[in-house]
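> Line order of the protein sequences matches chains P and R. Quick note, the first sequence lines up with residues 30 to 281 if you use this note's numbering. Quick note, the second sequence lines up with residues 30 to 281 if you use this note's numbering.
2 protein chains.
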Amino acid sequence: MTPAFVLVGPQLGENIGAAARVMGNFGLSDLRIVAPRDGWPNPKAVSMAAGSPVLEKAQLYDDLESAIGECTYLFATTARPRGMVKPVFNARDAIGQMKTLIKENQKVGILFGAEKSGLPNEAVTMANAIITLPVDRSFSSLNLSMACGVLAHEWAAGAPIDTDFITAEPMASREDLERLYVHFEEELEKGGFFYPPEKKPLMVQNLRNIFARGGLTEQEVRTLRGAIKALAKGRGKYGLRKGEAGEAKPIE
Amino acid sequence: MTPAFVLVGPQLGENIGAAARVMGNFGLSDLRIVAPRDGWPNPKAVSMAAGSPVLEKAQLYDDLESAIGECTYLFATTARPRGMVKPVFNARDAIGQMKTLIKENQKVGILFGAEKSGLPNEAVTMANAIITLPVDRSFSSLNLSMACGVLAHEWAAGAPIDTDFITAEPMASREDLERLYVHFEEELEKGGFFYPPEKKPLMVQNLRNIFARGGLTEQEVRTLRGAIKALAKGRGKYGLRKGEAGEAKPIE
Numbered sequence: 030m031t032p033a034f035v036l037v038g039p040q041l042g043e044n045i046g047a048a049a050r051v052m053g054n055f056g057l058s059d060l061r062i063v064a065p066r067d068g069w070p071n072p073k074a075v076s077m078a079a080g081s082p083v084l085e086k087a088q089l090y091d092d093l094e095s096a097i098g099e100c101t102y103l104f105a106t107t108a109r110p111r112g113m114v115k116p117v118f119n120a121r122d123a124i125g126q127m128k129t130l131i132k133e134n135q136k137v138g139i140l141f142g143a144e145k146s147g148l149p150n151e152a153v154t155m156a157n158a159i160i161t162l163p164v165d166r167s168f169s170s171l172n173l174s175m176a177c178g179v180l181a182h183e184w185a186a187g188a189p190i191d192t193d194f195i196t197a198e199p200m201a202s203r204e205d206l207e208r209l210y211v212h213f214e215e216e217l218e219k220g221g222f223f224y225p226p227e228k229k230p231l232m233v234q235n236l237r238n239i240f241a242r243g244g245l246t247e248q249e250v251r252t253l254r255g256a257i258k259a260l261a262k263g264r265g266k267y268g269l270r271k272g273e274a275g276e277a278k279p280i281e
Numbered sequence: 030m031t032p033a034f035v036l037v038g039p040q041l042g043e044n045i046g047a048a049a050r051v052m053g054n055f056g057l058s059d060l061r062i063v064a065p066r067d068g069w070p071n072p073k074a075v076s077m078a079a080g081s082p083v084l085e086k087a088q089l090y091d092d093l094e095s096a097i098g099e100c101t102y103l104f105a106t107t108a109r110p111r112g113m114v115k116p117v118f119n120a121r122d123a124i125g126q127m128k129t130l131i132k133e134n135q136k137v138g139i140l141f142g143a144e145k146s147g148l149p150n151e152a153v154t155m156a157n158a159i160i161t162l163p164v165d166r167s168f169s170s171l172n173l174s175m176a177c178g179v180l181a182h183e184w185a186a187g188a189p190i191d192t193d194f195i196t197a198e199p200m201a202s203r204e205d206l207e208r209l210y211v212h213f214e215e216e217l218e219k220g221g222f223f224y225p226p227e228k229k230p231l232m233v234q235n236l237r238n239i240f241a242r243g244g245l246t247e248q249e250v251r252t253l254r255g256a257i258k259a260l261a262k263g264r265g266k267y268g269l270r271k272g273e274a275g276e277a278k279p280i281e
C-alpha cells in the first residue's frame with residue numbers, strides 16, 4: 030500500500046500532470062484530485078504527465094471529504110505555520126512515520142493545497158500531522174508539483190542503488206596494486222626520481238595515495254603498467270638532473 | 030559555499046525556470062546553463078522561475094568545459110548506468126559527501142543532462158562520481174527540473190523544523206492530565222460506565238490512552254473538563270442500563 034496524494038483545488042493542469050509523472054517515477058500510484066479549477070480532464074495535465082500511468086488512474090472528487098473518506102491518517106503539507114498543536118514532520122521523517130502506519134494497515138493521505146493559497150485551515154484541521162519543507166523564508170513559494178516530487182522521492186529514497194549501476198568490472202587486488210607500485214617505483218628509481226634519498230618513503234607514500242584514493246580495476250592496472258613501460262622505454266637518451274625530481278629534462 | 034547546478038544543453042526554458050525556482054526555495058544560488066537549445070534569455074524560463082533570484086544570477090556558457098573550469102569535484106546525474114567505474118551515490122549520500130567536500134574548500138558541480146538524452150558519456154567521464162535516483166524502471170523518465178528539485182531539497186533537508194512551526198502553546202503537565210483523568214473517571218463511575226467492575230482497570234487504561242496518544246495542551250485540558258461538566262450536568266434524568274457501558278440510553 031502507498032500513500033494517496035490528494036491535490037485540493039489545484040489550479041494548473043500542468044502541475045497535476047507533473048505530479049502524476051513524478052509519482053510514477055518513484056513508484057506511487059494513488060493520485061486524487063479535488064475540484065480542479067480548470068475542470069477535468071485537462072489536456073495540459075496529460076501533456077505534462079508524459080505518459081505516467083498514475084494520471085490514467087487518478088480519481089476526481091467534488092470535495093475533500095469524499096476524497097479522503099476511507100483514510101485513517103492524514104498529513105497536511107504547508108509552508109505556513111497555522112498555530113495548531115500537531116506533530117510537525119520534515120519530508121524524511123514524515124515518510125518514515127508513513128511507512129510505519131502503512132505496516133499497521135492504515136490508509137495514509139497527504140494533502141496538498143492550491144498553488145496560490147495552500148491548504149485552507151479546515152483541511153489542516155482534519156490532518157493528524159503537518160509536513161513542512163525547509164524552504165528559504167525569503168523565497169518560500171514552492172511549486173505544487175515540486176512539493177509532490179520531494180515527497181515522492183523521499184518515498185523511494187531508502188532503496189539501495191539500482192543493481193544496474195553495479196559495474197561487474199573486477200577491481201584490482203592488493204597484490205595487483207603492490208606489483209604496479211613496485212614496477213612504477215623501480216622505474217622511477219632508475220630515472221633518478223627519488224631525490225634526496227631520505228625523502229623516498231614520503232614520496233612513495235604520496236604516489237601510492239594517488240592510486241589508492243580512487244581504486245583501480247584489474248584492467249586499469251594492466252593499462253598503467255603498459256603506460257609505465259612505454260614511458261621508460263626510450264629513457265636511455267634522457268635523464269634527470271639531480272634535484273629536479275619529477276621534472277624531466279634532457280641533460281646537456 | 031554551495032554546489033553549482035550545471036544544466037548541460039537544456040531544451041525547455043520552463044525547466045530552466047523551474048530549476049531556478051526550486052534552487053531558490055532551498056537556499057541554492059549557483060545555476061550554470063550550457064548551450065540552451067532555445068537560446069538565452071528565455072521568457073518561459075523567466076515565467077517559471079516565479080521571481081527566483083537564482084535565475085537573475087544564472088550564468089550562460091557555450092560549452093561544458095568553460096562552465097566547470099574552476100570546479101574541483103563533479104557529480105554527474107544519470108538514470109542510465111554507463112558501465113564506468115565510479116562511486117555511485119543516491120541523493121542523500123551525494124549531498125552528505127558534497128558537504129564534506131565543500132568544508133574542504135572544494136568547488137562542487139552537479140551536472141544535469143538534456144531532457145531527451147541525459148548527459149553525454151564525455152560529461153559523465155569528467156565527473157568524479159555519479160548520482161542516480163531510485164526511479165521505477167518501468168517509468169524512469171524524470172523531469173529535469175524535478176531532478177534539480179530533489180537534489181535542492183536534499184541540500185536543505187538536514188535542517189531542523191523552522192521555529193515558526195513551533196507552537197508556543199503550553200502543553201498539559203502530568204498533574205493536569207491526572208486531574209482530567211480522575212475527573213472524567215469519577216463522572217463515568219457515577220454514570221455506571223465501569224461495568225463489570227473487574228474490567229475497570231482495563232477500561233481506564235484504554236480511556237487514558239486516547240488522550241495520552243496525541244498529547245493535550247493546558248487549554249485543551251480545561252476545555253475537556255468543561256465538556257465533562259456539561260455532559261454530566263443533566264444526568265439526573267438519564268442513566269445507563271447495566272451491561273451497556275458506553276452506550277447512553279434513557280432508562281424506560
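Backbone N, C-alpha and C fix where the C-beta goes; we use that ideal spot for every residue, glycine too.
(1) Please report the straight-line C-alpha distance between Asp67/P and Gly178/P, rounded to a whole angstrom.
(2) Could you please give me the residues that DSSP links to Val117/R through a beta bridge?
(3) Let me see if you follow: with CB-CB separation under 8 Å, is Asp205/P close to chain R or not?
(4) Find the nearest neighbour of Lys128/P within the set Glu151/P, Leu180/P, Leu236/P, Gly221/P, judged by alpha-carbon distance.
(5) Pick out the complete alpha helix (DSSP H) segments inside the region 184-233 of chain P, 4 residues or longer, and give them in chain order.
(6) Return yes when the Cβ of Pro116/P is within less than 8 Å of the Cβ of Ala158/P, no when it is not.
(7) Can you give me the C-alpha to C-alpha distance between Phe223/P and Ser81/R, rounded to a whole angstrom?
(8) Would Thr196/R count as contacting chain P if we go by Cβ distances under 8 Å?
(9) Chain R beta carbons: is any one of them nearer than 8 Å to that of Ala188/P?
(10) Give a yes or no on whether 8 Å exceeds the smallest Cβ distance from Ser146/R to chain P.
(11) Which residue wins for smallest C-alpha separation from Leu41/R, given the options Gln248/R, Ile160/R, Leu84/R, Asn71/R?
(12) Any C-beta of chain R sitting closer than 8 Å to the C-beta of Pro110/P?
(13) Whose C-beta lies closer than 7 Å to the C-beta of Thr101/P among residues of the same chain, with five residues either side of it excluded?
(14) Just reading off the alpha helix (DSSP H) that Ile257/R is part of, what are its end residues?
(15) Within 10 angstroms of the Cβ of Val250/P, are there 16 or more other Cβ atoms? Answer buried if so, exposed if not.
(16) Three-state secondary structure (DSSP) at Ile45/R?
(17) Between which two residues does the alpha helix (DSSP H) holding Val75/P run?
(18) Can you list, in chain order, the residues of its chain whose CB lies under 7 Å from that of Ile45/R, leaving out five sequence neighbours each side?
(19) Does Pro39/R come out as helix, strand or coil in the three-state DSSP assignment?
(20) Should Asn235/R be labelled buried (16 or more other beta-carbon atoms within 10 Å of its own) or exposed?
(21) Tell whether a beta-carbon distance below 8 Å holds between Ala120/P and Glu216/P.
(22) Which residues mark the beginning and the end of the alpha helix (DSSP H) in which Val63/P is found?
(23) So Val114/P and Glu198/R are supposed to be a Cβ contact under 8 Å. How far apart are they, rounded?
(24) Under 8 Å between C-beta atoms, does Gly125/R make it to chain P?
Let's see:
(1) Spanning the two alpha carbons is a distance of roughly 22 Å.
(2) As DSSP reads the structure, Val117/R sits in a beta bridge with Ile159/R.
(3) The beta-carbon of Asp205/P is placed no less than 8 Å from the nearest beta-carbon of chain R.
(4) Ranked by Cα distance from Lys128/P, the first of Glu151/P, Leu180/P, Leu236/P, Gly221/P is Leu180/P.
(5) Listed in chain order, they are 203-219.
(6) Closer than 8 Å, so yes.
(7) Using only the alpha carbons, I get a separation of about 55 Å.
(8) By this cut-off, Thr196/R is an interface position.
(9) Taking Cβ atoms only, chain R reaches closer than 8 Å to Ala188/P, which makes this a yes.
(10) No, Ser146/R does not count as interfacial toward chain P.
(11) Among Gln248/R, Ile160/R, Leu84/R, Asn71/R, the Cα nearest to that of Leu41/R is on Asn71/R.
(12) At least one chain R Cβ lies under 8 Å of Pro110/P.
(13) If we look at Thr101/P and ignore the five residues flanking it on each side, its Cβ neighbours are Gln135, Lys136.
(14) Judged by DSSP secondary structure, Ile257/R falls within the alpha helix (DSSP H) whose first and last residues are 247-262.
(15) So Val250/P ends up on the buried side.
(16) Assigned with DSSP and collapsed to three states, Ile45/R falls in helix.
(17) Residue range 72-78 is occupied by the alpha helix (DSSP H) that includes Val75/P.
(18) Hits under 7 Å: Leu36, Pro39, Ile62, Pro65, Asn71, Ala74.
(19) The three-state secondary structure of Pro39/R, taken from DSSP, is coil.
(20) Here Asn235/R is exposed. Its C-beta has fewer than 16 other C-beta atoms within 10 Å.
(21) Not a contact, by the Cβ cut-off of 8 Å.
(22) Looking at the DSSP string, Val63/P is not in any alpha helix (DSSP H); the run it does join, the beta strand (DSSP E), is 60-63.
(23) The distance from the Cβ of Val114/P to that of Glu198/R is about 5 Å, consistent with a contact at the 8 Å cut-off.
(24) When Cβ-Cβ separations below 8 Å define contact, Gly125/R makes no contact with chain P.
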